[in-house]
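As they're listed, the protein sequences go chains A and B. Anchor point for the first sequence: position 126 equals 778 in our numbering, and the numbering is continuous, going up by one each time. Anchor point for the second sequence: position 135 equals 787 in our numbering, and the numbering is continuous, going up by one each time. Glycine included, C-beta positions come from ideal geometry on N, C-alpha and C.
Number of protein chains: 2
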Amino acid sequence: MSPKPTLDTVAKAAGVSKATVSQVMRGTGRISDATRKKVLAAAKALHYVPDERAASMRSGRLREVGMIIHHISNPFNAEVISGVSDRLEQEGYLVSVLDSQDDPERQKRNLEAFIKSSRAGLLWVPAAETTDDTEQLLKTHRIPTVTFLRSSGIEGLDHVGIKNRDATRKATRYLADLGHRHIAFFGGDANADVRNERIEGYTSILDEMHLGPPIVWEAPDDKMSGMDAMFALTAAHPEVTALVCNGDVVALGACHALQRQGKVPGRDVSVIGFDNIQDAYVSTPPLSTLAVHPYQLGQKLAQTLLARLEQPDAPASTTLVTAELISRESTGPAMA
Amino acid sequence: MSPKPTLDTVAKAAGVSKATVSQVMRGTGRISDATRKKVLAAAKALHYVPDERAASMRSGRLREVGMIIHHISNPFNAEVISGVSDRLEQEGYLVSVLDSQDDPERQKRNLEAFIKSSRAGLLWVPAAETTDDTEQLLKTHRIPTVTFLRSSGIEGLDHVGIKNRDATRKATRYLADLGHRHIAFFGGDANADVRNERIEGYTSILDEMHLGPPIVWEAPDDKMSGMDAMFALTAAHPEVTALVCNGDVVALGACHALQRQGKVPGRDVSVIGFDNIQDAYVSTPPLSTLAVHPYQLGQKLAQTLLARLEQPDAPASTTLVTAELISRESTGPAMA
DNA sequence: ACTTCTAGGTAAAACGATATATCTATATGC
DNA sequence: GCATATAGATATATCGTTTTACCTAGAAGT
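Set out below in structure tokens:
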């Protein structure tokens, strides 16, 4: 029944002033041991918890950062979140997550709510078709923002991403060294920047090793679609014996398709995924893939935001983390 | 360079008082059309956005609710979140999510941060080993809370759950009707309430149909562990020909184990999962499962919280949604 | 013409914290 | 012994809103 205790409540109970209580709670060190104990006792007894809203309003220090990501259910993202939270919690920040579901409308609503609620900064995976007015929103409100995985059209934002070009170069060269001569790039959405970078890496190796024209095949990023797209690809290009994929999920879909055709991934057709999700190594056969450590990426992300908050006017930074090629059983030498 | 615009900024620009601007922004309808237009124009020009913190402090109305869930990456949970958000956004609430990772320590930190930041209410999946002091925290601060999926030890909280007992009764009877005589319950953690309810349903059918003593087998909730546990189960109980599982993931793990043993799920051993995740119907063979519609569950959840916020002193409610049996190819008649 | 009502607007207090300036003893310097 | 530090506590202004009560004109009623 009693209303929420405030500084005043505690002050009265301890027989001191509000100012004193405030100083004790923040540990400024200007208060004597005797009164400090008194105040702490009173605070504990009343279950007093300071109201962050009031504190942040007056002090101008925000202690909460937001994340807006395209798919909260993606296991990779979940690991990123955990890396971010661990690092930012150390500095006393709370990290709360919004799911845009890769929907520009929803993302805009998220962003508007985000702005109203005054957070210190934003970690953001821009939705696929982010509209200009959404970008405008971020620009005019000058929110400290770090994008990750995907970059935005906005100048001057920090970014943490993956060395995509590098990664697919590694994967493609690996397949070529195994003797494959007809390698396709499989999966993803045509107008995605990230995918284009990956295709660039793939194509560059093809060029360097004179392996003919690139074969690039689209497929939405789920298993089912991956399977269907793979049926289409094998019909159109029966000569293909190796796949560099835009993601593990779609790669697993492709493997399924192969199996339904009586082929064995890793023997008849080699498949390399991207992401190293858990399913990649419990599938049959285990999937070769390009692995990025999402937890570390999350920590890097947190680090970048902290630096930005520290120095709001520093020039924008771009950090790219390398992907490592993990060879499992879905890849093997080309058959003679 | 200009600092963030406030009510005052807009008021000066429009040549009216703060109070007037405030009324226009909230649409109280007491302001004439002429001045309203003036104010709105000024607000737009300055990109003014009200500060939720100040507003909520004064009005006492909170417009943000939090969710704390055990695994943000679970696709089922992601769907729940989306149902919750859609419903609560209609009422002008922002929904932000924290991931406890099923870790009691992290959950407690989440909760403490949550309390400081003053949100209207909490949607909560209690972590597996939730400690007493965590529960105490919620109780003493009287936060409007709805638990879901798992229930807490706290009296008087609303709850939205699944008719677990009912679901596994359906599944077990279905298998028995297919002629199976040795049905095991597979997966989950020994001391989980939800699992116990499911085991109860399973056992009750065994009793009614005189199918011998229950066989209950533990397994952590990932594919790999499911596979390993299944090897152990077949070794210990070769007579088992059907499985009621505690989740799809673990069920898929079991199917894998069967395949590695040269057996065919649905022919040699029938398997029923729980959750109906996307993988369940793109696996080979597609997995029979108990389906709960997570989006609808989310909406129900939002509805329950809204009702609680409306009537803080209403008696606690419990809502259970039914799970539907979806029969796919991982189940079939017992072999003669 | 005089009261009474109402519409449209505003001043000022409040929400719960922090920050700044100020106050009062007591300790210190010479 | 007198000025001056200094430590410990406090009064008060402030952050950006909402709310309440009040004010002022012109409209309406008689």
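Item: To the nearest angstrom, how far is the alpha carbon of Ile835 (chain A) from that of Leu827 (chain B)?; Value: 46 Å
Item: Since Asn928 (chain A) and Thr941 (chain A) are thought to touch, with beta carbons under 8 Å apart, how far apart are those beta carbons, to the nearest angstrom?; Value: 5 Å
Item: According to DSSP, is Ile767 (chain A) part of a helix, a strand, or is it coil?; Value: helix
Item: List the residues of chain A that Pro946 (chain B) touches, going by C-beta distances under 8 Å, in chain order.; Value: None at all; the shortest Cβ gap to chain A is about 10 Å.
Item: Closer than 9 Å, CB to CB, is Ser737 (chain B) near chain A or not?; Value: yes
Item: Express the C-alpha separation of Ala966 (chain A) and Val868 (chain B) in angstroms, rounding to a whole number.; Value: 60 Å
Item: Using a Cβ-Cβ cut-off of 9 Å, state whether Glu849 (chain B) counts as contacting chain A.; Value: no
Item: Go through its chain and collect everything with a Cβ distance to Ala600 (chain A)'s Cβ below 6 Å, but skip five positions before and after it.; Value: What is shown of chain A runs 653 to 988, which leaves residue 600 (chain A) out entirely.
Item: Of the choices B:Gly813, B:Arg794, B:Tyr947, whose alpha-carbon is the least far from that of Ser803 (chain B)?; Value: B:Gly813
Item: My output table needs one value for Ala844 (chain B): the three-state DSSP class, helix, strand or coil.; Value: coil
Item: Measure the C-alpha to C-alpha separation of Leu858 (chain B) and Pro865 (chain B) and round it to an integer number of angstroms.; Value: 8 Å
Item: By a C-beta neighbour count over all protein chains shown, 10 Å radius and 16 as the cutoff for buried, is Gly744 (chain B) buried or exposed?; Value: exposed
Item: Find the residues of chain A that neighbour Arg710 (chain B), judging by a C-beta separation of less than 8 Å, and give them in chain order.; Value: Those do not exist, as Arg710 (chain B) stays about 10 Å from chain A at its closest Cβ, beyond 8 Å.
Item: Can you check DSSP and say which residues form a bridge with Gly925 (chain B)?; Value: B:Thr941
Item: Hey, is Ile724 (chain B)'s beta-carbon within less than 9 Å of any beta-carbon in chain A?; Value: yes
Item: Which one of A:Ala968, A:His945, A:Thr661, A:Leu961 has the shortest CA to CA distance from Lys815 (chain A)?; Value: A:His945
Item: Taking the beta strand (DSSP E) that Gly718 (chain A) falls in, what are its first and last residues?; Value: 716 to 721
Item: What residues in its chain sit with their C-beta under 6 Å from that of Leu972 (chain A), if we drop five residues either side in the sequence?; Value: Gly813, Lys815
Item: Which same chain residues end up closer than 8 Å to Gln955 (chain A) when comparing Cβ atoms and leaving out the 5 residues on each side of it in sequence?; Value: Arg739
Item: What are the residues in the segment 923 to 954 of chain A lying within 9 Å of chain B by C-beta distance?; Value: Gln930, Asp931, Tyr933, Val934, Ser935, Thr936
Item: Suppose the cutoff is 6 Å on Cβ atoms and the five residues either side in sequence are ignored; what does the same chain contact list for Val732 (chain B) look like?; Value: Pro946, Leu949, Gly950
Item: Using only CA atoms, which one of A:Ala943, A:Ala871, A:Ser922 lies nearest to Asp931 (chain A)?; Value: A:Ala943
Item: Excluding the 5 residues flanking Gly735 (chain B) on each side, which residues of the same chain have their C-beta closer than 6 Å to its C-beta?; Value: Tyr947, Gly950, Gln951
Item: How about Val901 (chain A) and Lys875 (chain A): are their beta carbons less than 9 Å apart?; Value: yes
Item: Below 8 Å on C-beta distance, what does Gln753 (chain A) contact in chain B?; Value: Ser734
Item: Applying the 10 Å Cβ sphere with the 16-neighbour rule, what's the burial state of Gly667 (chain B)?; Value: exposed
Item: If you scan the segment 825 to 870 of chain A from start to end, which runs of the alpha helix (DSSP H) of 4 or more residues do you find wholly inside it?; Value: 845 to 860
Item: Quick check on DSSP: helix, strand or coil for Glu781 (chain B)?; Value: coil
Item: Note down the Cα distance separating Ser982 (chain A) from Tyr933 (chain A), rounded to an integer number of angstroms.; Value: 10 Å
Item: Can the beta-carbon of Val701 (chain A) be found less than 9 Å from the beta-carbon of Ile724 (chain B)?; Value: no
Item: Note down, in chain order, every chain A residue with its Cβ under 8 Å from the Cβ of Thr786 (chain B).; Value: Those do not exist, as Thr786 (chain B) stays about 14 Å from chain A at its closest Cβ, beyond 8 Å.
Item: Can you pull the chain B residues whose beta carbon is under 9 Å from the beta carbon of Met876 (chain A), in chain order?; Value: Gln930, Tyr933, Val934
Item: Which chain B residues sit within Cβ distance under 8 Å of Ser769 (chain A)?; Value: Glu704, Arg705, Glu716, Leu746
Item: When you compare only the Cα positions, how much space is there between Arg682 (chain B) and Ser711 (chain B)?; Value: 18 Å
Item: Since Ser752 (chain B) contacts Ile720 (chain B) with CB under 8 Å, what's their CB separation in whole angstroms?; Value: 5 Å
Item: What's the gap between the Cα of Glu976 (chain A) and the Cα of Met677 (chain B)?; Value: 53 Å
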